[in-house]
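Engineer:
4 protein chains.
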Amino acid sequence: MQFLSDNAASVHPAVWDALKAADTPDTPYDGDALSAALDDSFAQVFQRPCAVLWVATGTAANCLALAAMVPPHGGVVCHEEAHIEMDEGGAPGFYLHGAKLMLAQGEGAKLTPQTIAAVLDPIRDDVHQVQPHAISITQASEYGCSYRPEEIAAIAEIAQARGLRLHMDGARFANAAAFLDCTPTAAAGPVDALSFGFIKNGGMSAEAIVFFDPALADVARYRRKRAGHLQSKGRFLAAQLQAMLEDDIWLANARHANAAAAEIGTACAGRLMHPVEANELFVRCTPAERAALRDQGFGFYDWGDDAARFVTAWNTREQDATALAKAVASL
Amino acid sequence: MQFLSDNAASVHPAVWDALKAADTPDTPYDGDALSAALDDSFAQVFQRPCAVLWVATGTAANCLALAAMVPPHGGVVCHEEAHIEMDEGGAPGFYLHGAKLMLAQGEGAKLTPQTIAAVLDPIRDDVHQVQPHAISITQASEYGCSYRPEEIAAIAEIAQARGLRLHMDGARFANAAAFLDCTPTAAAGPVDALSFGFIKNGGMSAEAIVFFDPALADVARYRRKRAGHLQSKGRFLAAQLQAMLEDDIWLANARHANAAAAEIGTACAGRLMHPVEANELFVRCTPAERAALRDQGFGFYDWGDDAARFVTAWNTREQDATALAKAVASL
Amino acid sequence: MQFLSDNAASVHPAVWDALKAADTPDTPYDGDALSAALDDSFAQVFQRPCAVLWVATGTAANCLALAAMVPPHGGVVCHEEAHIEMDEGGAPGFYLHGAKLMLAQGEGAKLTPQTIAAVLDPIRDDVHQVQPHAISITQASEYGCSYRPEEIAAIAEIAQARGLRLHMDGARFANAAAFLDCTPTAAAGPVDALSFGFIKNGGMSAEAIVFFDPALADVARYRRKRAGHLQSKGRFLAAQLQAMLEDDIWLANARHANAAAAEIGTACAGRLMHPVEANELFVRCTPAERAALRDQGFGFYDWGDDAARFVTAWNTREQDATALAKAVASL
Amino acid sequence: MQFLSDNAASVHPAVWDALKAADTPDTPYDGDALSAALDDSFAQVFQRPCAVLWVATGTAANCLALAAMVPPHGGVVCHEEAHIEMDEGGAPGFYLHGAKLMLAQGEGAKLTPQTIAAVLDPIRDDVHQVQPHAISITQASEYGCSYRPEEIAAIAEIAQARGLRLHMDGARFANAAAFLDCTPTAAAGPVDALSFGFIKNGGMSAEAIVFFDPALADVARYRRKRAGHLQSKGRFLAAQLQAMLEDDIWLANARHANAAAAEIGTACAGRLMHPVEANELFVRCTPAERAALRDQGFGFYDWGDDAARFVTAWNTREQDATALAKAVASL
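Protein chains in written order, with this note's numbering: chain G, 217 to 547; chain S, 217 to 547; chain U, 217 to 547; chain Z, 217 to 547.
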């Protein structure tokens, strides 16, 4: 019963079907019909025009989006525990040609206008200090917390006031949208670009960068090729995204994962380090308790010395979730 | 009857089977069993130790290999029509942090010790000029010509004499090895790293970087993550490579493509711009002749004003190759 | 009697005076009065608004100017023998983050609309090929040839038509302006930025980047600091530039150097590889002839096997120029 | 009476003399006799072999030194208030091609083995996290505190144990050496490279990068040119360094500045935020007190809301120091 991560979960049957269906020769790169239809498919989801590029990883999605917004001499405000800062092997430094990540704080790994201002205000407007050019937020956050639409709006406001672009790392955007139970448009808010994750949510190898400003997409297209991310059989990436959007499978999968997380969270509410607003749980428990859980067959990561991280996925079995809920309740 | 390119061809059934078989949860990234076994699988092919990394594109393979060999202030000698110079959107400039491609000439897009020396000799050994650090050759070349083992040895000799690393872009290495009818080891020669292509040859989205110097692989591992090329469900890439190596499918596929090319080449020997030593044909023909071929249902690219390029693939149907052979013979 | 190069010549007395006069404490970096007055001083020279940054080398001037014009995924058309391509140790690759130099041909190391088009026309407008963003020309060229105003206008026209920026490397702009005997504005033409050289012409350590588009200067200011080129005692660089502009010393110095070159060139007109349109001479002569000249005490560089390069400077003594003129006439 | 900064102070007479003496033509770049003698001159100072490169700024010195030590995918541990983090406009990101600064804490802007370990220990040894390659310390620190030889030794020990290079930003190395009253060798400790500052201490435009590992210098030489920092009349930079080393002017100047700072510090000991161990003072005082000091003619920077920063220089007049000492004593 694995709750280690959603990032290595199985591939959804609809994705398999779409992959097989795409196995006819077509124009290489992103010249195929499936890729060409992505803008429209996502425009339907977000009810506004967008330009969409597929890539193979969330790291590439985040970095290509930011590289289109931020010059090499600029900076990006992000949470000090953001994925781009902690877990991408320095990819932003590579893609943004040495631009600087400016680390802000915030509960649940979420930024607020106040914590953003705390980073921005001390920066002197001179050439000796790196100037900010964008803000990047994560929906849901590294701790599985979802920004409410009004929270995004408040951040967008400070972004606009300071002349900054706004990017959303949506590796688990589906889980946030499902949790918030609002439209995708509301869950994304007025961002300039969204890294929309599909791999953790039932895909095999395709994420989407959704640009709401087409000028950014025009730059990112060249950067994607330049980064070796323009796959020649791109139809197999587009097929995954199209399959997941069809009939809102992406939302159904996320709801399933969230429901499992919610069940477990309810069972150990007093131990939660963060509210469960997506498909991740950070649960205070002792090494002995963790050992006991592992003895019962549960797989998960330690989170420091005094906690465990559990992640549910689109294919978490209900009986496994229930079993874990019972197990944590009995600790 | 498509002869446009092999880069968008269908996926081999054995690859599909392997992909499906890999659809069980495993350790993410390259921690899965299939990825872990790659070094051994390729060591069997090359009969010597190697360290292997999967990536999603040939561009990424080439650039990660070269970035492990060449410092940002260095240079790479390559053919003026090499893929890294002409068709990778400036990716070497990105991955190598501004290192310089030093363009050499040579028949059939193949380098020789003489054309390499013609580039190297005029470079003054001072800081005002970029100093070479590596040579990159393409097997088979952009014009479908294959380096003979003794040709590679001669280039390796000049590389060693000048203190340069040697890289091989093997996007069509399989076709070269099949044409040369020698061991893979002989077809690769004493290179430091080989970008071993699988996608054009029946794969879906996986290429291999084969490092014969493990120190280079240690660097490339970090660079791969930093470039956003470490996919979380890496087992699906490893599975493709393993499937293609099994029973030497990679060689069988290449032999099939080569045979089709050879048949067509024999039929229009007098028109060939380059000897057919892999799966590409560059055939002199007038616009009217090309129009006639297209009227007969053949797809291909114009190659300048006076020639056409035909590419066969692992799945080119024999009757299509025969039909094209007849058609070009009748021009 | 040295004719090796102008780049290590002595410093003009007026520059020394200005340096000493600047030796009072002032605001650091470029906050001092001399630096602040540069825009106005150069605006008087060019009779139009400009934004001026001092830097310590021509390499930095060229690369900072180009970096403000060209994104990392773009390209710069320049002559295949341009300084940025041949002699700057790969600095454009560094400053432009891997952007590509696109090499064009032309007599006397001068570009023409035709040679530029020959580079631009074959570039497919797709992401697989680096797209051009700027053209860089050198006034006077590497071979001491000066662009006529109408030649620059023709190049500016193709730049505008193709949506490209235009940069001028003016390491010897003074010599070109003196030779052309026109206004500095005419000698520069409608470029977006000019690297205006002073060091070869009597300065110690200051060159000017003259931006005619202030938006480029705003970017370059950050890049200059980021490149470690914002000197804390910047008043000593500004002082050099101001001193050279005062009373048009820069033009007088260049006229002196040009006159010496002209005298020598007239004496060996039949041997000249290029017309003498600045302060450089490329003179066909045999190794024996060169040895004879050296025996007479003349210092110069060999230019390949069959020629010599002579460079005059602001401080070339008239008797030395006359002596060399006689010597080459007698060969 | 200026105590704003030492970075715009006048130039020492001996430097002027040396500059004038260097105004004869010599080999360009660093081929002149003065530049060629630098290794020996500094070897005498440090009593061990070293390879020395001049550059025009401390930012370039720091970044070229670090770029020779750290690959683009690596990291550098430094204090969170280090100059390379706070005041160099992102130059490390540029020169190190996106390598990461890893911010550590420490009293007085000095690192300790403990604070370094606190940064290093949580870094997982995997490709998802940037791995450290070097440590950079500042002597004297941003708060004018000097590392004792045993403190440097302890840091060198952790560097060696972890396989990290050690760099010292010595923008005010002279002041630290003067304060410590030990040999320069002891004040530098076993670092791999030292950015040895001269500009704040009486120079005009020359800093030295002192490499104790010649392999690093070999790389830095290419990088210096590539960064546009190889000045053609380099003899004027070498002359400054040689002049300052002659008769230990660098030490005498630093002693003078330190003495002034000590006098002022003694007069306001109770208000000091940090011990005075070089030529900087950070003095707690209210806005009203600062206004009062300014009314008396003292120039200085506010340091936040509740403090002032005073910097003495090699040419601070004794009466000015005494006046400030009295003024702060009377607050």
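For every residue, glycine included, the Cβ atom is placed at its ideal position computed from N, Cα and C.
(1) Which whole-angstrom value is the C-beta distance of U:R510 and U:D518, which I expect to be below 8 angstroms?
(2) If I measure Cβ to Cβ from Z:S421 and keep anything under 6 angstroms in the same chain, skipping five residues before and after, which residues do I get?
(3) Give the interface partners of Z:F160 over in chain G, defined as CB-CB distance under 9 angstroms, in chain order.
(4) By Cβ distance below 6 angstroms, which residues in the same chain neighbour Z:H228 in space, the five residues on each side in sequence not counted?
(5) Whole angstroms is fine: what's the gap from G:V231's alpha carbon to G:W270's?
(6) Flag this pair as yes or no: are the beta carbons of Z:C294 and Z:L319 separated by less than 8 angstroms?
(7) For S:I300, name the three-state secondary structure that DSSP assigns.
(8) Just tell me which of G:V261, G:A234, G:Q447, G:H349 has its CA closest to the CA of S:S223.
(9) Alpha carbon to alpha carbon, what distance is there between G:G481 and G:R440?
(10) Could you name the residues of chain S that Z:K441 contacts, counting a contact when the two beta carbons are closer than 8 angstroms?
(11) Return yes when the Cβ of Z:V499 is within less than 8 angstroms of the Cβ of Z:A537, no when it is not.
(12) Taking the straight line between their C-alpha atoms, what separation do you get for Z:R378 and G:H445?
(13) Rank S:V343, S:S251, S:A356, S:E296 by C-alpha distance to the C-alpha of S:I332 and give the top, closest one.
(14) Starting from the beta carbon of S:D536, find every residue of chain U whose beta carbon is closer than 7 angstroms, and list them in chain order.
(15) Are the Cβ atoms of G:K449 and G:A225 separated by less than 8 angstroms?
(16) Looking at C-alpha atoms only, which residue of Z:L396, Z:E423, Z:F262 is the closest neighbour of Z:N474?
(17) By the criterion of Cβ-Cβ separation under 8 angstroms, what are the contact partners of S:R437 in chain Z?
(18) List the DSSP bridge partners of S:S411.
(19) Within 10 angstroms of the Cβ of Z:D521, are there 16 or more other Cβ atoms? Answer buried if so, exposed if not.
(20) At what residue ranges does the stretch 309–346 of chain S contain a whole run of the beta strand (DSSP E), taking only runs of 3 or more?
(21) Please report the distance separating the alpha-carbon of Z:G386 from that of G:Q347.
(22) Please classify G:T275 as buried or exposed, where buried requires at least 16 neighbouring CB atoms within 10 angstroms.
(23) Can you tell me the Cα-Cα spacing of S:E479 and S:R533, whole angstroms?
(24) Tell whether a beta-carbon distance below 8 angstroms holds between U:A495 and U:A477.
(25) Which residue from Z:E493, Z:C484, Z:H299, Z:A307 puts its Cα closest to that of Z:V545?
(26) Relative to the alpha-carbon of G:A259, which residue among G:G515, G:Y311, G:A404 has its alpha-carbon at the smallest distance?
(27) Residues in its own chain within less than 8 angstroms of G:V335 by CB, not counting five upstream and five downstream?
(28) Using the beta-carbon count (16 or more within 10 Å), is U:R340 buried or exposed?
(29) Quick one: which chain S residues come within Cβ less than 8 angstroms of G:C559?
(30) Quick test of your reading: S:C203 and S:P503, contact by CB under 8 angstroms. State the CB separation rounded to the nearest angstrom.
(31) Tell me which residues share the same chain as Z:S221 and place their Cβ nearer than 6 angstroms to its Cβ, disregarding the 5 neighbours each side in the sequence.
(32) How many whole angstroms separate the CB atoms of S:V343 and Z:Y438, which I take to be in contact at a CB cut-off of 8 angstroms?
(33) Can you say whether Z:R388 is buried or exposed, counting buried as having 16 or more other CB atoms within 10 angstroms of its CB?
(34) When you check each C-beta in the stretch 390–421 of chain S against every C-beta of chain U, which residues fall closer than 7 angstroms?
(35) Can you tell me which of the three DSSP states Z:S357 falls into?
(36) I believe S:C266 touches S:F427 by the beta-carbon criterion, under 8 angstroms. Please report the beta-carbon distance rounded to the nearest angstrom.
Structural biologist: Reading it off the structure:
(1) The residue given as residue 510 of chain U occupies position 294 in the third sequence. The residue given as residue 518 of chain U occupies position 302 in the third sequence. That pair is no contact at about 10 angstroms.
(2) As a first step, residue 421 of chain Z must be located in the fourth sequence, where it is residue number 205. These residues qualify, in order along the chain: A272.
(3) The requested residue 160 of chain Z is not part of the displayed model; chain Z covers only 217 to 547.
(4) Position 12 of the fourth sequence, counted from the start, is the residue given in the question as residue 228 of chain Z. So the list reads G418, once near-sequence residues are dropped.
(5) For this step, residue 231 of chain G is matched to residue 15 along the first sequence. For this step, residue 270 of chain G is matched to residue 54 along the first sequence. Whole-angstrom Cα-Cα distance: 15 angstroms.
(6) As a first step, residue 294 of chain Z is located in the fourth sequence; it is residue number 78 there, counting from the start. As a first step, residue 319 of chain Z is located in the fourth sequence; it is residue number 103 there, counting from the start. Yes, these two residues count as a Cβ contact at 8 angstroms.
(7) As a first step, residue 300 of chain S is located in the second sequence; it is residue number 84 there, counting from the start. S:I300: helix per DSSP, three-state reduction.
(8) Position 7 of the second sequence, counted from the start, is the residue given in the question as residue 223 of chain S. Note on residue identity: the sequence assigns Asn, not Ser, to residue 223 of chain S. Closest option to S:N223, Cα to Cα, is G:Q447.
(9) Locating residue 440 of chain G in the first sequence gives position 224, where the first residue counts as 1. Locating residue 481 of chain G in the first sequence gives position 265, where the first residue counts as 1. Spanning the two alpha carbons is a distance of roughly 39 angstroms.
(10) In the fourth sequence, counting from the first residue as 1, residue 441 of chain Z sits at position 225. In chain order: V343, H344.
(11) Here the question's residue 537 of chain Z lines up with position 321 in the fourth sequence. Here the question's residue 499 of chain Z lines up with position 283 in the fourth sequence. In this structure, Z:V499 does not lie closer than 8 angstroms to Z:A537 by Cβ.
(12) Here residue 378 of chain Z is taken as the residue at index 162 of the fourth sequence, counted from 1. Here residue 445 of chain G is taken as the residue at index 229 of the first sequence, counted from 1. Going by the C-alpha atoms only, they are around 35 angstroms apart.
(13) In the second sequence, residue 332 of chain S corresponds to position 116, counting from 1. That would be S:E296, whose Cα lies nearest to the Cα of S:I332.
(14) Along the second sequence, one-based indexing puts residue 536 of chain S at 320. Those do not exist, as S:D536 stays about 27 angstroms from chain U at its closest Cβ, beyond 7 angstroms.
(15) Numbered from its first residue, the first sequence carries residue 449 of chain G at position 233. Numbered from its first residue, the first sequence carries residue 225 of chain G at position 9. For G:K449 and G:A225, no; Cβs fall outside 8 angstroms.
(16) Looking up residue 474 of chain Z in the fourth sequence gives position 258. Here the closest residue by C-alpha is Z:L396.
(17) Mapped onto the second sequence, residue 437 of chain S falls at position 221. Residues of chain Z passing the Cβ test: V343.
(18) Numbered from its first residue, the second sequence carries residue 411 of chain S at position 195. S:D385, S:I425.
(19) On the fourth sequence, position 305 is the one that residue 521 of chain Z refers to. With fewer than 16 other Cβ atoms within 10 Å, it is exposed.
(20) 316–320
(21) As a first step, residue 386 of chain Z is located in the fourth sequence; it is residue number 170 there, counting from the start. As a first step, residue 347 of chain G is located in the first sequence; it is residue number 131 there, counting from the start. Distance between the alpha carbons of Z:G386 and G:Q347 is about 26 angstroms.
(22) As a first step, residue 275 of chain G is located in the first sequence; it is residue number 59 there, counting from the start. With 16 or more Cβ atoms within 10 Å of its Cβ, G:T275 is classed as buried.
(23) In the second sequence, residue 479 of chain S corresponds to position 263, counting from 1. In the second sequence, residue 533 of chain S corresponds to position 317, counting from 1. Near 12 angstroms, if we compare the C-alpha coordinates of S:R533 and S:E479.
(24) Position 279 of the third sequence, counted from the first residue, corresponds to residue 495 of chain U. Position 261 of the third sequence, counted from the first residue, corresponds to residue 477 of chain U. What sits at residue 495 of chain U in the sequence shown is Asn, not Ala. For U:N495 and U:A477, yes; Cβs fall inside 8 angstroms.
(25) If you number the fourth sequence from 1, residue 545 of chain Z lands on position 329. Inspection of the sequence shows that residue 545 of chain Z is occupied by Ala rather than by Val. Considering only alpha carbons, the answer is Z:C484.
(26) The count along the first sequence starts at 1 and reaches residue 259 of chain G at position 43. Nearest option by C-alpha distance: G:A404.
(27) Residue mapping note: residue 335 of chain G aligns to position 119 of the first sequence, counting from 1. Excluding sequence neighbours, G:V335 sits near V293, M318, L319, A320, P348.
(28) Stepping through the third sequence from its first residue, residue 340 of chain U is reached at position 124. So U:R340 ends up on the exposed side.
(29) Because chain G here runs from 217 to 547, residue 559 of chain G falls outside it and cannot be looked at.
(30) Limits of chain S in this structure are 217 at one end and 547 at the other, which puts residue 203 of chain S out of reach.
(31) The residue you call residue 221 of chain Z lines up with position 5 of the fourth sequence. If we look at Z:S221 and ignore the five residues flanking it on each side, its Cβ neighbours are V527.
(32) Here the question's residue 343 of chain S lines up with position 127 in the second sequence. Here the question's residue 438 of chain Z lines up with position 222 in the fourth sequence. Yes, S:V343 and Z:Y438 are in contact; Cβ-Cβ is about 5 angstroms, under 8 angstroms.
(33) On the fourth sequence, residue 388 of chain Z is found 172 positions in, with the first residue counted as 1. That one is buried.
(34) none
(35) Here residue 357 of chain Z is taken as the residue at index 141 of the fourth sequence, counted from 1. Three-state result, Z:S357: coil.
(36) Counting from 1 along the second sequence, the entry for residue 266 of chain S is found at position 50. Counting from 1 along the second sequence, the entry for residue 427 of chain S is found at position 211. Between S:F427 and S:C266 the Cβ distance is about 6 angstroms, and since that is below 8 angstroms, they are a contact.
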